[in-house]
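Numbering-wise, the sequence shown is residues 4 to 745 according to our numbering. Reviewing the structure listed below.
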Amino acid sequence: METPRLDLKCFSRIILKQEVLVRKLINIKNIISALLLVSIFCGLCSAVQADEGMWPLSEIQKLNLQEKGLRIDPALIYDPARQSLLYAVVEVGATGSFISEEGLLITNHHVAFGSVQAASTPEKDYLKHGFLARTRAEEIPAAGRTARITESFKDVSTEVLSVVKKKMSSSERARAIERKIKELAAAAEKANPDKRAEVAEMFPGKSYWLFLYTDLKDIRLVYVPPLSVGNFGGEDDNWVWPRHTGDFTLMRAYVAPDGQPAEYSLDNVPFHPKTYLKINPAGVKEGDFVFLLGYPGRTYRHLPASYIAYEQNVRMPAVADWYEWQIRLMEEMSRGSREVALKHEARIKGLANTMKNYRGKLAGLKRLEYLAQKQQEEEALRAFIQADPKRQAVYGQVLPGLEKIYKEMELNYPRNFVLENLRRSVVLFQNAMTVVEAVHERQKPDLERNIAYMDKNFARTKQRIGLTIRSSFYLPTDLAIFKELLKKAPTLSDNQRIEELSQLVSDGCNLDETVNKIFENTRLQEEEFIKNLWDRKPAELKQIDDAMLKLALALYPQYFKMEEANRARKGHLDELQARLVNIRQEFMGQQFIPDANSTLRLTYGRVEGYEPRDAVFCKPFTTVEGIVEKTTGCEPYDTPPALLELVRQKKFGRFINPELKTISVCMLYSTDTTGGNSGSPIINAEGELVGVNFDRTWEATINDFTWSHDFSRSIGVDIRYVLWILQELAGAGGLLAEMGIK
Ligand code: ASP
4 METPRLDLKC FSRIILKQEV LVRKLINIKN IISALLLVSI FCGLCSAVQA DEGMWPLSEI
64 QKLNLQEKGL RIDPALIYDP ARQSLLYAVV EVGATGSFIS EEGLLITNHH VAFGSVQAAS
124 TPEKDYLKHG FLARTRAEEI PAAGRTARIT ESFKDVSTEV LSVVKKKMSS SERARAIERK
184 IKELAAAAEK ANPDKRAEVA EMFPGKSYWL FLYTDLKDIR LVYVPPLSVG NFGGEDDNWV
244 WPRHTGDFTL MRAYVAPDGQ PAEYSLDNVP FHPKTYLKIN PAGVKEGDFV FLLGYPGRTY
304 RHLPASYIAY EQNVRMPAVA DWYEWQIRLM EEMSRGSREV ALKHEARIKG LANTMKNYRG
364 KLAGLKRLEY LAQKQQEEEA LRAFIQADPK RQAVYGQVLP GLEKIYKEME LNYPRNFVLE
424 NLRRSVVLFQ NAMTVVEAVH ERQKPDLERN IAYMDKNFAR TKQRIGLTIR SSFYLPTDLA
484 IFKELLKKAP TLSDNQRIEE LSQLVSDGCN LDETVNKIFE NTRLQEEEFI KNLWDRKPAE
544 LKQIDDAMLK LALALYPQYF KMEEANRARK GHLDELQARL VNIRQEFMGQ QFIPDANSTL
604 RLTYGRVEGY EPRDAVFCKP FTTVEGIVEK TTGCEPYDTP PALLELVRQK KFGRFINPEL
664 KTISVCMLYS TDTTGGNSGS PIINAEGELV GVNFDRTWEA TINDFTWSHD FSRSIGVDIR
724 YVLWILQELA GAGGLLAEMG IK
């Protein structure tokens, strides 16, 4: 495996804050105080353990992990030349890890939720009651789920950026980079026909890595705890501590008999991973060193204050309100019918998760006055740029340029909100637009298509539509969401107007009638009907008498335009952001690590509590007694009676936490995580599995923008609780034996 180099030292925001404060003090000519402050900060810096960072694996040799508590050779975690722990960690929507040589995987209940919902019916309600496959033959296909293993990665920045020419417009630049990325991936796949290749932007506009993956396509459910364990506390407890959720699920990966990745087939056999994680049933204790491997989705720590302002004032509040509205609608629709409720469960869970996360972030932004802090930092940066004419020439336009882009995004937000959410939230419109786009895109050569319609991805795109129709489409809900979005069309200002929608709801039209007519005259909920559309030509599509399809065709130019505008904006943003990173690094005398981008990362910390508020200290472990305390008998606190009885009888057995003299359920630790780290293995100093990460505390929802040892804590389920549930509640001794738990 080739190892890209980032050449970095340490990654801390303390220095910048220090600099800003020092400058302020100097400004007010309080030099003595400034010197004092520097010495205090220097003292602090040497005492504070810099835990921040979602580190690309190429960097771990530079982290001195052994000094921080790791007791194995870091090369056992990642070494291109040997079978390291890296190969035990998979991307399964979020993260999972292999825990047996027979392809057994552990991830979160909430990660597997959609697959469990898809497999459930009111008669066989696995979501509610849980599921255990007593034999391999009983394992259920986890519809649409794949497990991706990172095989290798290398720096391809030079190749990617070689296509950028001076005179290019922003959109030409973006298009050239996009094209080069696809070419590199195609060449890598040609050379490695059993692998998938993807180029990830590490620093947009600046550095790009080519990743090779193995994608396993036959994933099956093995054990799912009942909802009252796997989702104990539901949305009330989500994003907060203390937590008592048994948020884990077991799945198994299968491959064809020749060992190659293959779609589900009865002939398939369990996958044998190169490595898997050994479980330590003794768990961890307060103060222990732990690290996580996983696929964190997105962080935005290198973006400017103008981006934070846009998120804080425009996008996040609007999305949170919109999701809240949809959740209420779906809950209302679900009342009285388990069948209908099952259709909505995964959607509600996803919406609620994001909504609460955004509310947490907004509260965090306010609490930290983060925007003002960021603006202050930038003032110092501006002064640094202005102080040197050469710097001014290269970087002078970076911050104003970024500000202009985010202002424009703010102005266009109402219109884009309607277009984007029509497509995201209305299943029938989404189906129609996917067909229209596919039919147009598939006229182009493969490398010029939008990636969803490239040959290698098209089967999955089609499969996803079928899966959504079968598992989560409910017509009355779809219709109500559609109507709500249409209502917004006339409220758009003149320069934001979406003509095709305005016509639908113009004066004199009855909105209910219009909407009903479209829904009565469409067949885009029929898989067979859709199947017949994929291979049509654009002109043929126009002949089809289907109201939703006609609407999608009419709106297609708008979406096309929006995509072109997004591309041009991305080209411009990337170019400015790359320069921003350069000048910030120069200003701070530091090298940064890239923001999270769904590629494999490592983060480390300790099992430790925290002080979220004045005079409140949160301990790092919860226990089964806490479950009893929270239990009301009503969802989401409706603990299975058998579990309550086990606690009452103190049947703790070999998985007891010796310090607490009971079963510990969840734990807190000071790692740096975000969405996508769900299901990440929590690994001890010896490289053994001691828990499964699933969440963050309320204060840590702001991690995507900024991390602090003071308030950022991740939350995981203690492996001892997992094992105890498997043994005592599920009676899954066979699985324990498979994991090597004697
Ligand atoms: N709950 C998150 C996830 O689903 C994990 C996190 O955001 O901390 O990936």
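All C-beta atoms, glycine included, are put in the ideal place defined by N, C-alpha and C.
Beta-bridge partners of residue i, as assigned by DSSP
i: T218; result: Note on identity: in this sequence residue 218 is Asp, with Thr being the wrong assignment. Beta-bridge pairing links D218 to R151.
i: C669; result: V720
i: F294; result: Y607, I686
i: G99; result: V93
i: F206; result: S210
i: N696; result: G719
i: M254; result: L108, L224
i: V619; result: R616
i: F624; result: M670
i: P144; result: R223
i: K157; result: L213
i: L135; result: Y226
Residue i vs residue j beta-carbon contact at 9 Å
i: A115; j: V95; result: yes
i: V421; j: L488; result: yes
i: I468; j: I533; result: yes
i: F595; j: F214; result: no
i: T110; j: F251; result: yes
i: V293; j: Y672; result: yes
i: V3; j: L732; result: With the chain covering 4 to 745 only, the question about residue 3 has no answer from this structure.
i: S100; j: P479; result: no
i: R582; j: V397; result: yes
i: T217; j: L89; result: no
i: S717; j: A703; result: yes
i: R301; j: D698; result: no
i: R199; j: A136; result: no
i: I586; j: L384; result: yes
i: G237; j: P639; result: yes
i: D675; j: W701; result: no
Contact set for residue i: own chain, Cβ-Cβ below 6 Å, skip 5 residues either direction
i: R341; result: P125
i: F387; result: F590
i: K491; result: V421
i: S268; result: none
i: R394; result: I388
i: I35; result: Reliability fails at I35, whose pLDDT of 36 lies under 50, so the model's placement of it is uncertain and no value is given.
i: R176; result: V167, G574
i: L504; result: A492
Alpha carbon of residue i to alpha carbon of residue j, nearest angstrom
i: E523; j: M551; result: 10 Å
i: G679; j: N600; result: 10 Å
i: R85; j: S61; result: 14 Å
i: L296; j: E201; result: 19 Å
i: G106; j: V227; result: 16 Å
i: G262; j: R255; result: 14 Å
i: S174; j: P448; result: 19 Å
i: V668; j: D270; result: 38 Å
i: R331; j: L354; result: 11 Å
i: S681; j: V401; result: 35 Å
i: P273; j: T138; result: 13 Å
i: K564; j: P320; result: 26 Å
i: S337; j: S475; result: 12 Å
i: F2; j: R609; result: Nothing in the structure corresponds to residue 2, since the chain is present only between 4 and 745.
i: Y409; j: P417; result: 14 Å
i: R473; j: E529; result: 10 Å
i: K623; j: E611; result: The question names Lys, but residue 623 is Pro in the sequence shown. Taking the straight line from one Cα to the other gives about 5 Å.
Same chain, Cβ closer than 7 Å to residue i, neighbours up to 5 away in sequence not counted
i: L470; result: A121, A146, G147
i: I63; result: P77, I80, Y81, L605
i: E327; result: M358
i: E266; result: K220, D221
i: L425; result: F432, L488
i: E423; result: none
i: A645; result: L732
i: W242; result: K359, N360, G363, D698, R699, W701, T704
Residue i beta carbon near ligand 3 (any heavy atom closer than 8 Å)
i: F697; result: Ligand 3 is not part of the structure shown, which contains ligand 1 as its ligands.
Own chain, CB closer than 8 Å to residue i, minus 5 neighbours either side, in chain order
i: V163; result: I180, K183, I184, L187, V202, Y211
i: P284; result: R657, F658, I722, R723, L726, I744
i: N460; result: I454
Chain C within 9 Å of residue i, Cβ atoms only
i: Y640; result: Looking for chain C here will not work: only one protein chain is present.
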